[in-house]
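A.B. asks: Sharing a structure with you now.
There are 2 protein chains.
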Amino acid sequence: MNTIPALPTTPLAVRTVEYVRACETESVANHSIRSYLFAELLAVHEGLRPSVDFDADLLFFACVLHDLGTSPAASGNQRFEVDGADLGAAFLTDNGVDTRRVDLVWEAIALHSSSGIAERRGTLAYLTRKGVALDFGAGSEFVTDTQADALHSGYPRLQMVTSLVDEIVRHAARSPHNAPRYTIAGELVRERDQDGHATTLEQAALTSRWGE
Amino acid sequence: MNTIPALPTTPLAVRTVEYVRACETESVANHSIRSYLFAELLAVHEGLRPSVDFDADLLFFACVLHDLGTSPAASGNQRFEVDGADLGAAFLTDNGVDTRRVDLVWEAIALHSSSGIAERRGTLAYLTRKGVALDFGAGSEFVTDTQADALHSGYPRLQMVTSLVDEIVRHAARSPHNAPRYTIAGELVRERDQDGHATTLEQAALTSRWGE
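As they're listed, the protein sequences go chains A and B.
In this text, residue positions in the first sequence follow this note's numbering: the first is 1, and each later residue adds one.
In this text, residue positions in the second sequence follow this note's numbering: the first is 1001, and each later residue adds one.
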């Protein structure tokens, strides 16, 4: 298969993309949309069926909203994953999504950086985490070059990793609560403070399949 | 209040302690039991009521079983928090606890090191995380010296932090999957590899209220 999925066109899906584009840098917004497209490609690859094995609407919301915590809209008083989960949940609640489904999206967003745990909290959290990881190049062997090119041409990378690290570090600087030890924010701040060099995440991006 | 809670005496509670003592070092087992007692003290302090606001049996199971992933019984092929959640869940299932309650314990154990997330996944995960953190000295202002002394005399610390770090690093050495970046295991391994000094966690223990 060499095509890529289309974005959903429901009014709420359109509003979701508009909201994210209004809050986030273009680079982070594009990353969020690509994460959804990668997650959909992975679902097909693994034989996971929309409506049966996972809720495709919720996967769209979780992926597209997952980095809202890096945006100026965030409270800036808790780790960015949870800030993003709260903003995403508030947006969906305001738009009439019911509590149970909102909580599933909350969980998927909050856990998107929790390696080894998100993958065990149901298909939505699994696919969200994997979609995000795929946009860092992890596990992308099944994605064809044609698919990758289409995806990156529709939603350019724009130095995504450095842009995202910048935003996470900026969020961390807003409060001492935001970058606890043993979290991605805590380690990115430590690495940037330490030597002024590129973080491990940025170094890895240089040699990843998507080569930034 | 200057007394400390008693451990539950149901047959399954007794078996749980026996199981943990059979699997873990004395130091880690004592830490696990103290985590439960601290969690119970916190529940009282915060006015959280057993049976109404949280399930006291599940809190006991989650706290006492939370570090099983550091024991030789662990599969050694995933992060220790998840290894522990799997072992704890299997133990409870084998002892007739129903799936829904087992999943709540799984979640509380898997998230016990996830700062800022566990606190938002319901009272069980909240109290489990806080109970563990209290045994590192965090947020212990409400605990009286008499309570702390009773707790530590019943369940001595035995250099808990170094002992636990040793076990997490030992578990991490069993597979490259066990210590991903941005997890406690990943950072402890990095710190020990880097300079052979005490890890940040061990350094903090020296000046914590429980002074190791």
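Even glycine gets a Cβ: it sits at the ideal position worked out from N, Cα and C.
Can you determine whether any heavy atom of the ligand FMN sits closer than 6 Å to the C-beta of residue 1086/B, and answer yes or no?
C.D. replies: The ligand FMN is absent from the structure shown, which contains no ligands of any kind.
A.B. asks: Taking CB distances under 7 Å as the criterion, tell me whether residue 132/A reaches chain B.
C.D. replies: Not one chain B Cβ lies under 7 Å of residue 132/A.
A.B. asks: Indicate the three-state DSSP secondary structure (helix, strand or coil) for residue 136/A in the structure shown.
C.D. replies: In this structure, residue 136/A counts as coil in the three-state DSSP scheme.
A.B. asks: Output, in chain order, the set of chain A residues within a Cβ distance shorter than 8 Å of residue 1117/B.
C.D. replies: By Cβ distance, chain A contributes 79, 81, 82, 110, 111, 114.
A.B. asks: Under 7 Å, Cβ to Cβ, is there at least one residue of chain A near residue 1033/B?
C.D. replies: Judged by the 7 Å Cβ criterion, residue 1033/B is not in contact with chain A.
A.B. asks: Could you check whether the Cβ of residue 1019/B sits closer than 7 Å to any Cβ belonging to chain A?
C.D. replies: It does not: the Cβ of residue 1019/B has no partner Cβ on chain A nearer than 7 Å.
A.B. asks: How would you list, in chain order, the residues of chain A whose beta-carbon sits under 8 Å from the beta-carbon of residue 1187/B?
C.D. replies: In chain order: 181, 182, 187.
A.B. asks: Given a cut-off of 7 Å on the beta-carbon distance, is the pair residue 62/A and residue 109/A in contact?
C.D. replies: It is a contact, given that the beta carbons lie within the stated cut-off.
A.B. asks: Is it the case that the Cβ atoms of residue 28/A and residue 164/A are separated by a distance below 7 Å?
C.D. replies: For residue 28/A and residue 164/A, yes; Cβs fall inside 7 Å.
A.B. asks: Using the Cα positions of residue 1054/B and residue 1036/B, report the straight-line distance between them to the nearest angstrom.
C.D. replies: For residue 1054/B and residue 1036/B, the distance between alpha carbons rounds to 13 Å.
A.B. asks: Starting from the beta carbon of residue 200/A, find every residue of chain D whose beta carbon is closer than 9 Å, and list them in chain order.
C.D. replies: This model lacks chain D altogether, as its protein chains are A and B.
A.B. asks: In this structure, how does DSSP classify residue 5/A when only helix, strand and coil are distinguished?
C.D. replies: Coil.
A.B. asks: Who are residue 1050/B's beta bridge partners in DSSP?
C.D. replies: Paired residues: 1054/B.
A.B. asks: Suppose you measure from the CA of residue 85/A to the CA of residue 111/A; what does that come to, to the nearest Å?
C.D. replies: Taking the straight line from one Cα to the other gives about 9 Å.
A.B. asks: Please state if the CB of residue 74/A and the CB of residue 67/A are separated by a distance shorter than 7 Å.
C.D. replies: No. Outside cutoff.
A.B. asks: Which complete beta strand (DSSP E) runs does the stretch 1169 to 1204 of chain B hold, if anything under 3 residues is left out?
C.D. replies: DSSP runs (the beta strand (DSSP E)) wholly in the stretch 1169 to 1204 of chain B: none.
A.B. asks: Could you tell me the boundaries of the alpha helix (DSSP H) in which residue 19/A lies?
C.D. replies: Counting along the chain, the alpha helix (DSSP H) containing residue 19/A begins and ends at 11 to 23.
A.B. asks: Given that a residue counts as buried once 16 or more other Cβ atoms are within 10 Å of its Cβ, and exposed if not, what is residue 1022/B?
C.D. replies: Classification of residue 1022/B: exposed, given that the 10 Å Cβ count is below 16.
A.B. asks: So, with DSSP's three-state summary, where would you put residue 1095/B?
C.D. replies: Coil at residue 1095/B, not helix or strand.
A.B. asks: Please report the Cβ distance between residue 1091/B and residue 1008/B, rounded to the nearest whole angstrom; I am assuming they are in contact, meaning their Cβ atoms lie under 8 Å.
C.D. replies: Their Cβ separation, rounded to whole angstroms, is 16 Å, which puts residue 1091/B and residue 1008/B out of contact at 8 Å.
A.B. asks: For the candidate residues 1152/B, 1188/B, 1181/B, 1183/B, whose alpha-carbon lies nearest to that of residue 1169/B?
C.D. replies: Here the closest residue by C-alpha is 1188/B.
A.B. asks: Mark residue 178/A as exposed unless 16 or more other C-beta atoms lie within 10 angstroms of its C-beta, in which case mark it buried.
C.D. replies: That one is buried.
A.B. asks: Residue 5/A: which of 155/A, 141/A, 199/A, 185/A sits nearest, CA to CA?
C.D. replies: Taking only the C-alpha atoms, the option nearest residue 5/A is 155/A.
A.B. asks: Buried or exposed: residue 944/B, going by 16 or more other Cβ atoms within 10 Å of its Cβ?
C.D. replies: Only positions 1001 to 1212 of chain B appear in the structure, and residue 944/B is not among them; the question remains open.
A.B. asks: Mind pulling the chain B residues with CB within less than 8 Å of residue 192/A?
C.D. replies: Under the 8 Å cutoff, chain B gives no residues; its nearest Cβ is about 14 Å from residue 192/A.
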